[in-house]
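Participant:
There are 2 protein chains.
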Amino acid sequence: MKFFHVKTVAETLEVIAGEFKPNRPPIEVSLIDALDMVLAEDVFSEEQVPHFARSTVDGYAVRARDTYGASDSLPAFLDVTGKIDMGKSAVQPVKEGQAQSIPTGGMVPDGADSVVMIEHVEEVDDLLNVYRQVAPGENVIRAGDDVEKGDRVIAAGQRLRPQDLGVLSAIGKTSVRVYPRPIVAILSTGDEIVPADKKVLSPGEIRDINSITVATAARQCGAHVIYGGIVPDDYESFAKRAKDLFEQSDLLLLSGGSSVGTRDYTEQVMQSLGDPGVLVHGVSIKPGKPTIIAKAGAKPVVGLPGHPASALIIFHLFVAPLIQRLQGQKPAAYVSRISARISRNIASAVGRSDYIRVKLEEREDGLWAVPVFGKSGLISTLVKSDGMVEISANKEGILEGEAVYVHLFQ
Amino acid sequence: MKFFHVKTVAETLEVIAGEFKPNRPPIEVSLIDALDMVLAEDVFSEEQVPHFARSTVDGYAVRARDTYGASDSLPAFLDVTGKIDMGKSAVQPVKEGQAQSIPTGGMVPDGADSVVMIEHVEEVDDLLNVYRQVAPGENVIRAGDDVEKGDRVIAAGQRLRPQDLGVLSAIGKTSVRVYPRPIVAILSTGDEIVPADKKVLSPGEIRDINSITVATAARQCGAHVIYGGIVPDDYESFAKRAKDLFEQSDLLLLSGGSSVGTRDYTEQVMQSLGDPGVLVHGVSIKPGKPTIIAKAGAKPVVGLPGHPASALIIFHLFVAPLIQRLQGQKPAAYVSRISARISRNIASAVGRSDYIRVKLEEREDGLWAVPVFGKSGLISTLVKSDGMVEISANKEGILEGEAVYVHLFQ
């Protein structure tokens, strides 16, 4: 029997970052299927984007020096020698004293280095009066301005957003290598837990809440989900079902009961899945202290607190970053959070991180975070909340009006 | 021919909020499929949650008054008359001077009004020494504490989050009525645009970027997507394809070329789809001024700017709220944004809202928003950005170090 001391939130996040990585090799998927998946390798461009100089306005392609000094009172005069068609190559170059009409997005012909806007010219019988001078490069996107040949357009570890898929399209990539979506299995335990579709409850029974909250939260993180159902508080059946699910998944989540007996089972079952076993046994956090994190082989197993609201808060804090690790996602350069002021004093114990559920209110003087109180077992407290505020372990509390960061629930 | 004056961002958002609502009737879906969909009707509970009083600790169910004054030096003595099993009804009541052992989550028996924690008692041969007094209700969740019979647990218009599905499970709902996901069709136009899978480009050609960026952004908003492909700059084929797609969809997005000729086509095609026709023709915004919003029958049609980065910014500002309207989603009580300081001075024109792409940097003194510059046509500027900062129409610019809100790109 090993002994553990309770870890801080930061220590727990370090364990997650240090111990886990993608379990399965990258796969190749089409761009359309790659949304929100994580790129497994750097992507370099083999082309310039655009691969030709383009006009950014409707107007006339010219040599800038031919327009120098042009003004309303003293226009420059150029010969119009052609017209650029959209999507077509320019046929002839622009020589000294010449201009060619060009649409927005059209290809700037050889010889021309700029485009004068249609608003600043007048064309009379192939003679162009230019009333404003342009500088070299004006109103032109040069070849390679967007992407140069050899540029790394996206780095490995990036979760692919619409704009990322856009730049991949631009360079002609139609598929990319990404990490497969992790498979997350969820098993609820507890003699009092009955399936959510049981119509009439007997005294002492409650419906399974964690299966759906944790499963859907995992889906929001990009995981595929296996619903493991409910096992009674019996070591043999719990251990057997857990082993089956562990073998089918990349991450096993056990939503345990909260009684001492059940917690002991949960820990034993986690140890039984393989070495090195339990890494974190208890976190100095409220709610969610009885969280357990284990590693069996290379795969993570997490024992979540049984109270639904606690389970979901622990999910946000630890399981979401864990799923990101399993997808090879590089940590963001910033924490996504919004600033508000807390609407009342809240006391907290030093040495423990408290997570306060809050509702956001946009008032005349800014955004306020209004605490939603209730025992950690109450799922309704989370339904009424927009996010949570951390009172860090080194603080005794927060004062009314104090600036806080709110971590939004998705 | 109607004449339009350019609208502000706020006026455009008012048009969207005032003119559009769900086109199709609600559907019934299972809870598992309801994640991120929008509830179409208020849900009331027909039950109490929990439907019996539960212990929140391992301990003994007692009558609080029997423990009054108990302390380490002067314990109260109670007879242990039973043991509550998890998930089972309590068999007999707790009478004066009695106690029954109870696990966390167990059903508190009749007569008992509180639970004394196992840490604060000693049981010797069915005699319980109680070393700490408890108050009535202590360590007990009463029937209905989480949800009362008749409570409105979730209001119509709520996008269903994991915790919302959790409370629905708790009250025994296995399916809910939600608005169907809107079908969004996307059609790209432009003689220079070629499919993204074309390997080798001819001079003057560029690959289609907007189809994938706009389609995947629409998916992130919960929409189903129809890819309409690319039509050349020819009124007849453009109008015909647009009409086909309009009939199959709840929202048609036209990603037009940016030349004057193409913009005229786009407007004509939008008018041809039905009355009342164009509602917004140009927005005082940079980038994205040539945005067009029309209504044909009850359905919206949006003409996006052709430049990929502009198109995606306009999507975030106007199309995402429009898709929310089509799903019946009630506006959030707050704007999701994060606070940072801008890393340099940026000038802006009064009377126009500017959207500056920024990259976020977590520095020792807090979060900074570093502008990513580049012409609005460059998709790479969006790839390098984490979000955007608005310089509102009444401002001449922002100064280095000024606090700004960053709207994150998903």
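Protein chains in written order, with full-length UniProt numbering: chain S, 1 to 410; chain R, 1 to 410.
All C-beta atoms in this analysis are idealised placements derived from N, C-alpha and C, irrespective of residue type, glycine included.
Just so you know, these numbers come straight off a predicted model, no measurement behind them.
(1) Could one say the Cβ of M1(S) lies closer than 9 Å to chain R's Cβ atoms, at least one of them?
(2) Please classify R159(R): is it buried, with 16 or more other beta-carbons within 10 angstroms of its beta-carbon, or exposed?
(3) For a contact meaning CB atoms closer than 7 Å, what does Q410(R) contact in chain S?
(4) Assuming S12(R) is part of the alpha helix (DSSP H), what are its boundary residues?
(5) Given that a residue counts as buried once 16 or more other Cβ atoms are within 10 Å of its Cβ, and exposed if not, what is F77(S)?
(6) Report the option in R181(S), V302(S), D365(S), V62(S) whose CA atom is closest to the CA atom of Q98(S).
(7) Across which residues does DSSP place G82(R) in a beta bridge pair?
(8) Measure the C-alpha to C-alpha separation of G190(S) and T174(R) and round it to an integer number of angstroms.
(9) Per DSSP, what are the beta-bridge partners of L187(S) in this structure?
(10) Residues of chain S with CB closer than 7 Å to the CB of I379(R), please, in chain order.
(11) Under 9 Å, do I293(R) and L312(R) count as touching if we go by C-beta distance?
(12) Identify whether D33(R) lies in helix, strand or coil by the three-state DSSP scheme.
(13) Which runs of the alpha helix (DSSP H) at least 4 residues long sit entirely within the UniProt domain "MoaB/Mog" (185–325) of chain R? Give them in chain order.
(14) Could you tell me whether any Cβ in chain S is nearer than 9 Å to the Cβ of R24(R)?
(15) Counting along the chain, where does the beta strand (DSSP E) carrying G59(S) start and finish?
(16) Please state whether the Cβ-Cβ distance between F52(S) and L326(S) is less than 9 Å.
(17) Applying a beta-carbon distance threshold of less than 7 Å, which residues of chain S neighbour K289(R)?
(18) With DSSP collapsed to three states, give me the class of V116(R).
(19) List the endpoints of the continuous beta strand (DSSP E) containing residue 494(R).
(20) Could you check where the alpha helix (DSSP H) with V176(R) kicks off and where it finishes?
(21) Would you say P268(S) faces chain R, with C-beta separation under 9 Å as the test?
(22) Just the Cα atoms here: how many angstroms apart are G397(S) and V167(S)?
(23) What residue from L317(S), A309(S), K384(S), S255(S) has the CA that sits closest to V301(S)'s CA?
(24) Could you pull out every residue in the same chain whose Cβ sits closer than 7 Å to the Cβ of G297(S), ignoring the five residues on either side in sequence?
(25) According to DSSP, which residues form a beta bridge with H407(S)?
(26) In the region 343–376 of chain S, which residues sit with their C-beta less than 7 Å from some C-beta in chain C, listed in chain order?
(27) Taking the C-alpha atoms as reference points, what is the distance between E11(R) and Y405(R)?
(28) Roughly how many angstroms lie between the CA atoms of G401(R) and L367(R), to the nearest whole one?
(29) Buried or exposed for E47(R), going by 16 or more other Cβ atoms inside 10 Å?
(30) Just reading off the alpha helix (DSSP H) that L382(R) is part of, what are its end residues?
(31) The beta strand (DSSP E) with Y355(S) in it runs from where to where?
(32) Apart from the five residues on each side of it in sequence, which residues of its chain come closer than 7 Å, Cβ to Cβ, to Y131(R)?
(33) For L128(S), count the other beta carbons within 10 Å of its own beta carbon; 16 or more makes it buried, fewer makes it exposed. Which is it?
(34) Quick check: M37(R) and V29(R), are their CB atoms within less than 9 Å of each other?
(35) Quick one, which of A217(R), D244(R), D386(R), R363(R) has its alpha-carbon nearest R321(R)'s?
(36) Kindly confirm or deny that the region 219–229 of chain S and the region 196–206 of chain S touch, where touching means at least three C-beta pairs closer than 8 Å.
Facilitator: In brief:
(1) Bear in mind that the predicted position of M1(S) carries a pLDDT of just 47, short of 50, making it too unreliable to give a figure here.
(2) Its Cβ being crowded by 16 or more others within 10 Å, R159(R) is buried.
(3) Neighbours of Q410(R) on chain S, chain order: R161.
(4) Per the sequence presented here, residue 12(R) reads as Thr, with Ser not at that position. In the DSSP assignment, T12(R) falls within the alpha helix (DSSP H) that extends over 9–19.
(5) F77(S) should be labelled exposed.
(6) Distance check between Q98(S) and each of R181(S), V302(S), D365(S), V62(S) places V62(S) closest, using alpha-carbon atoms only.
(7) Q100(R), per the DSSP bridge assignment.
(8) If you take the alpha carbons of G190(S) and T174(R), they lie about 21 Å apart.
(9) Within the DSSP bridge table, the entry for L187(S) names L254(S) as partners.
(10) Per Cβ cutoff of 7 Å: D146, Q163, G166, V167, A170.
(11) Going by C-beta atoms, I293(R) is not nearer than 9 Å to L312(R).
(12) Note: D33(R) maps to helix in three-state DSSP.
(13) Counting only runs of 4 or more, we get 210–220, 235–248, 260–272, 308–314.
(14) Judged by the 9 Å Cβ criterion, R24(R) is not in contact with chain S.
(15) DSSP places G59(S) in the uninterrupted beta strand (DSSP E) bounded by 59–62.
(16) No, the pair does not count as a contact, with Cβ atoms beyond the cut-off.
(17) Here the premise fails: no neighbours, minimum Cβ distance about 13 Å.
(18) Note: V116(R) maps to strand in three-state DSSP.
(19) The structure shown does not extend to residue 494(R), since chain R spans only 1 to 410, so no value can be given for it.
(20) No alpha helix (DSSP H) holds V176(R); the beta strand (DSSP E) holding it covers 175–178.
(21) One point to set straight first is that residue 268(S) is Gln, not Pro, in the sequence displayed. By this cut-off, Q268(S) is not an interface position.
(22) Each residue's alpha carbon lies about 47 Å from the other.
(23) V301(S) has its Cα closest to that of S255(S), out of L317(S), A309(S), K384(S), S255(S).
(24) The residues are G274.
(25) Partner(s): M388(S).
(26) No chain C is present in this structure, whose protein chains are S and R.
(27) Answer to the nearest angstrom: the Cα atoms are 21 Å apart.
(28) Each residue's Cα considered, the two are about 11 Å apart.
(29) Buried: at least 16 other Cβ atoms inside 10 Å.
(30) Where L382(R) is concerned, the enclosing alpha helix (DSSP H) starts and stops at 379–383.
(31) Counting along the chain, the beta strand (DSSP E) containing Y355(S) begins and ends at 353–363.
(32) For Y131(R), same chain residues with a beta-carbon under 7 Å away, outside a window of 5 residues either side, are A70, S71, D72, P75, H120, V121 in chain order.
(33) Classification of L128(S): buried, given that the 10 Å Cβ count is 16 or more.
(34) For the 9 Å CB-CB criterion, M37(R) and V29(R) form a contact.
(35) According to the sequence provided, residue 321(R) is Pro. The question's Arg does not apply to it. Distances from the CA of P321(R) to each of A217(R), D244(R), D386(R), R363(R) were compared; the closest alpha carbon is that of A217(R).
(36) For the pair of segments examined, the region 219–229 of chain S was found not to touch the region 196–206 of chain S: the number of CB pairs separated by less than 8 Å stays below three.
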